[in-house]
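To start, the structure itself, in structure tokens.
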Amino acid sequence: MDPQAAKLIGAGIAAIALAGAGVGIGMVFAALIGAVARNPAIQSRVQPFALLGFALAEATGLFGFLLGLMILFVF
Amino acid sequence: MPQFDPTWVASQLVWLAIAFGVLYLALTRIALPRIAEVLENRHTRISADLEKAGQLKDEAAQVLAAYEKTLAEARGRAQALIRTTSDEMAAAAAGREADTARRLADQTKAAEARIAEAKQAALANLRTVAVDVASAAVERLIGTGVASGQIDAAVGAAIKDRS
Amino acid sequence: MAAKTIDPLHQFEIHPLLPIKLGAVDVSFTNSSLWMMLSVIAVTAFLTLAMRHRALVPGRLQSVAELSYEFVAGMIRDNVGQAGMQYFPLIFTLFMFVLFGNLLGMIPYAFTFTSHIVVTFAMALVVFVGVTVIGFVKHGLHFLRFFLPHGLPIWMVPILVPIEVLSYFLRPISLSVRLFANMTAGHAMLKVFGGFTVMLGLFGIAPLALNIAVTALELLVALLQAYVFTILTCVYLNDALNMSH
Chain S
1 MDPQAAKLIG
11 AGIAAIALAG
21 AGVGIGMVFA
31 ALIGAVARNP
41 AIQSRVQPFA
51 LLGFALAEAT
61 GLFGFLLGLM
71 ILFVF
Chain G
1001 MPQFDPTWVA
1011 SQLVWLAIAF
1021 GVLYLALTRI
1031 ALPRIAEVLE
1041 NRHTRISADL
1051 EKAGQLKDEA
1061 AQVLAAYEKT
1071 LAEARGRAQA
1081 LIRTTSDEMA
1091 AAAAGREADT
1101 ARRLADQTKA
1111 AEARIAEAKQ
1121 AALANLRTVA
1131 VDVASAAVER
1141 LIGTGVASGQ
1151 IDAAVGAAIK
1161 DRS
Chain C
2001 MAAKTIDPLH
2011 QFEIHPLLPI
2021 KLGAVDVSFT
2031 NSSLWMMLSV
2041 IAVTAFLTLA
2051 MRHRALVPGR
2061 LQSVAELSYE
2071 FVAGMIRDNV
2081 GQAGMQYFPL
2091 IFTLFMFVLF
2101 GNLLGMIPYA
2111 FTFTSHIVVT
2121 FAMALVVFVG
2131 VTVIGFVKHG
2141 LHFLRFFLPH
2151 GLPIWMVPIL
2161 VPIEVLSYFL
2171 RPISLSVRLF
2181 ANMTAGHAML
2191 KVFGGFTVML
2201 GLFGIAPLAL
2211 NIAVTALELL
2221 VALLQAYVFT
2231 ILTCVYLNDA
2241 LNMSH
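If you're matching them up, the sequences are chains S, G and C in order.
The first sequence begins at 1 in my numbering and counts up one residue at a time.
The second sequence begins at 1001 in my numbering and counts up one residue at a time.
The third sequence begins at 2001 in my numbering and counts up one residue at a time.
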């Protein structure tokens, strides 16, 4: 296989990582909304955790993004 | 990709260190003390104000307590006064009532005595009148007088019978 | 580069503005260095100018400056506790540097130095090494117990300890990659949509509208990533200081 084509395919496959990040971020904010809807007073206490969870979930997707970039531009 | 280009790594690191160091010095020497000072000032000011407000509140509470104490004392005094006054008035009234009752009793007794006297007198009069009437009637009936002693005795017996 | 092709990565290129050689090492003053210095000046000027009145009742600008101070101080107090306040200047500097790097990068034609893995990894490594040193200074060799969670069955030790060690050493990587990848992806996306706008001519209005929305999102991301970078620093510092693990 042409190495260039293989790189492009590999980068595309690396983008699948975004699915997991998307699910994770969705779950984080779904939980946040659920918690705030049940008890609005708790919002200021759970929001930092939600943002932290969002950042951590997003990081996994970004690792995939990084992988794609490395496949495309480094090798 | 420019991020993975090793050409500028040294330059990036050196200038990052310089920039970060300069920023750290600038913030710790100039910016942060100012903010901390202002926040500290505000904090002390607010706590001083709060303290003052607390003091004023305490004072107000004291004044209120003193006022309520005075009020309670005045009310107590007034009630005591009312009680003594009403007691006095009741005593005076009772005394007057007793006086009146005694006077009335005296008058009644005197009146009764007078009545009894009058009755006695009337009874005595009645006897003489009765004796007179009897002697006159006897004189008319039999034409001659009877010894007044006899008539008197008869009237006495008749009165005794009736009464 | 041809006029109508999109090269979303062109904006991340570094050009030397003032060539400096230190022996064999090239430490030229580049556009990246320029924007670092600009953000230093911007942070210092902002905080100094905002506080110049030192008003008891703050104005609009002073409120923002105080808010940033209270924000970072509150973050440290909540996540680390009072013991962490001695690291406040460092964490505050980190926060403001990253925040202004992100925000200044949002200016068109500006250079975003936080989109360079070298920069973010250097900062993350400083945080990582610093926190580890603090942990060892505070707890001595006892700090190694950090890799041994409490109440662990003995047969799980050989499995979990390597995982804990690995995740510990992944911290600087995840910390730096998060910031770098967010900035790079965001700016590349803006550039791609900008290229579409130019290419589509009249129909370019659609990607333009999208670009406006993405710009707003990127501003949010700029704030959020500075916040996340700082709060993760606090969390790591808390692990080292209090060993809650």
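Glycine included, C-beta positions come from ideal geometry on N, C-alpha and C.
Worksheet item: How should S/L32 be labelled, buried or exposed, when 16 other C-beta atoms within 10 angstroms of its C-beta is the threshold for buried?
Response: Looking at its Cβ environment, which holds 16 or more other Cβ atoms inside 10 Å, S/L32 is buried.
Worksheet item: Would you call the region 2119 to 2132 of chain C and the region 2176 to 2193 of chain C touching, i.e. three or more CB-CB distances under 8 angstroms?
Response: A contact exists between the region 2119 to 2132 of chain C and the region 2176 to 2193 of chain C.
Worksheet item: Taking just the CA atoms, how far does C/F2128 sit from C/N2031?
Response: Counting only the Cα atoms, C/F2128 lies some 27 angstroms from C/N2031.
Worksheet item: G/D1152: which of G/G1076, G/V1133 and G/A1093 sits nearest, CA to CA?
Response: Considering only alpha carbons, the answer is G/V1133.
Worksheet item: Taking Cβ positions, are G/A1019 and C/V2027 nearer each other than 9 angstroms?
Response: It is not a contact, given that the beta carbons lie outside the stated cut-off.
Fill in: For C/Q2082 and G/T1044, the rounded distance between their alpha carbons
So the two alpha carbons sit approximately 19 angstroms from each other.
Worksheet item: What does DSSP give as the partner residues of C/F2029 in its beta bridges?
Response: Answer by DSSP bridge pairing, in chain order: C/L2018.
Discussion item. Do S/G61 and S/A21 count as a contact pair if the criterion is CB distance below 9 angstroms?
Written reply: Yes. Within cutoff.
Practice prompt. Starting from the Cα of C/P2016, find the closest Cα among C/P2089, C/F2111, C/R2077 and C/V2080 and give me that residue.
Written response: The residue with the shortest Cα to Cα distance from C/P2016 is C/F2111.
Fill in: Whether S/G24 touches S/E58 by CB criterion (9 angstroms)
Closer than 9 angstroms, so yes.
Fill in: Other residues of its chain near C/D2239: CB distance less than 8 angstroms, five sequence neighbours each side excluded
Only V2131, G2135, F2146 and H2245 meet the Cβ criterion.
Worksheet item: Which word fits C/M2001, buried or exposed, when buried means at least 16 other C-beta atoms lie within 10 angstroms of its C-beta?
Response: Bear in mind that the predicted position of C/M2001 carries a pLDDT of just 37, short of 50, making it too unreliable to give a figure here.
Practice prompt. Please confirm if G/M1001 has its CB atom under 9 angstroms from at least one CB of chain S.
Written response: Taking Cβ atoms only, chain S reaches closer than 9 angstroms to G/M1001, which makes this a yes.
Practice prompt. Could you tell me whether any Cβ in chain C is nearer than 9 angstroms to the Cβ of G/Y1067?
Written response: The beta carbon of G/Y1067 sits no closer than 9 angstroms to any beta carbon of chain C.
Practice prompt. Kindly list the residues whose CB is nearer than 6 angstroms to the CB of C/I2117, restricted to its own chain and excluding five residues on each side of it in sequence; keep chain order.
Written response: Here the set comprises F2180.
Worksheet item: Taking 9 angstroms as the CB-CB limit, is C/L2047 close to chain G?
Response: Yes, C/L2047 counts as interfacial toward chain G.
Worksheet entry | Proximity below 9 angstroms, CB of C/A2045 to CB of C/A2065 | Annotated as distal: C/A2045 and C/A2065, with beta-carbon spacing of 9 angstroms or more.
Practice prompt. Give me the Cα-Cα distance between G/T1085 and G/A1121, rounded to the nearest whole angstrom.
Written response: Spanning the alpha carbons of G/T1085 and G/A1121 requires a straight line of approximately 53 angstroms.
Worksheet item: Is there a Cβ from chain S that is less than 9 angstroms from the Cβ of G/F1020?
Response: Output row for G/F1020: interface = no.
Worksheet item: Helix or strand or just coil, what does DSSP make of C/T2112?
Response: Residue state for C/T2112 is assigned as coil, using DSSP reduced to three classes.
Discussion item. Tell me which residues share the same chain as C/L2241 and place their Cβ nearer than 8 angstroms to its Cβ, disregarding the 5 neighbours each side in the sequence.
Written reply: Only V2080, G2081, A2083, G2084, I2134, G2135 and K2138 meet the Cβ criterion.
Practice prompt. Compute the distance between the beta-carbons of C/L2190 and C/E2164, then report whether it is under 9 angstroms.
Written response: Note that the C-beta distance between C/L2190 and C/E2164 is not below 9 angstroms.
Worksheet entry | Complete runs of the alpha helix (DSSP H) confined to the region 2044 to 2091 of chain C [at least 4 residues] | Annotation: the region 2044 to 2091 of chain C contains the following complete segments of the alpha helix (DSSP H) (minimum length 4 residues), in chain order: 2060 to 2079.
Worksheet item: Leaving out five residues before and five after S/V36 in sequence, what residues of the same chain have Cβ atoms less than 6 angstroms from its Cβ?
Response: Q43, listed in sequence order.
Item to complete: Check the Cβ-Cβ distances between S/V36 and every residue of chain G, and say whether any is below 9 angstroms.
Response: Taking Cβ atoms only, chain G never reaches closer than 9 angstroms to S/V36, which makes this a no.
Discussion item. Please classify C/A2003 as buried or exposed, where buried requires at least 16 neighbouring CB atoms within 10 angstroms.
Written reply: Residue placement at C/A2003 is poorly supported in this model, since its pLDDT is 45, which falls under 50; the coordinates still yield a value, given next. Exposed, because fewer than 16 other Cβ atoms sit within 10 Å of the Cβ of C/A2003.
Worksheet entry | Rounded straight-line distance, which links the Cα of C/G2186 to that of C/A2213 | Looking at the two C-alpha atoms, the distance is approximately 12 angstroms.
Discussion item. Could you give the first and the last residue of the continuous alpha helix (DSSP H) run that contains G/L1123?
Written reply: Counting along the chain, the alpha helix (DSSP H) containing G/L1123 begins and ends at L1032 to I1142.
Worksheet item: Is the distance from the Cβ of C/Y2069 to the Cβ of G/I1035 below 9 angstroms?
Response: Yes.
Discussion item. Suppose you measure from the CA of G/A1080 to the CA of G/A1093; what does that come to, to the nearest Å?
Written reply: If I take the Cα positions, the gap works out to 20 angstroms.
Discussion item. The alpha helix (DSSP H) that contains S/P48, what's its start and end?
Written reply: Where S/P48 is concerned, the enclosing alpha helix (DSSP H) stretches over Q43 to F73.
Discussion item. Let me see if you follow: with CB-CB separation under 9 angstroms, is G/E1051 close to chain C or not?
Written reply: No, no contact with chain C.
Worksheet entry | Partner residues on chain C for S/A11, Cβ-Cβ distance less than 9 angstroms | Under the 9 angstroms cutoff, chain C gives no residues; its nearest Cβ is about 13 angstroms from S/A11.
Item to complete: Kindly list, in the order they appear in chain G, the residues whose Cβ is closer than 7 angstroms to that of S/F73.
Response: The answer, in chain order, is M1001 and F1004.
Practice prompt. Within its chain, find whatever has a CB closer than 8 angstroms to the CB of C/R2077; leave out the 5 residues flanking it on each side and keep chain order.
Written response: When the five nearest sequence neighbours on each side are left out, the beta carbons in the same chain lying within less than 8 angstroms of the beta carbon of C/R2077 are those of G2084 and M2085, in order along the chain.
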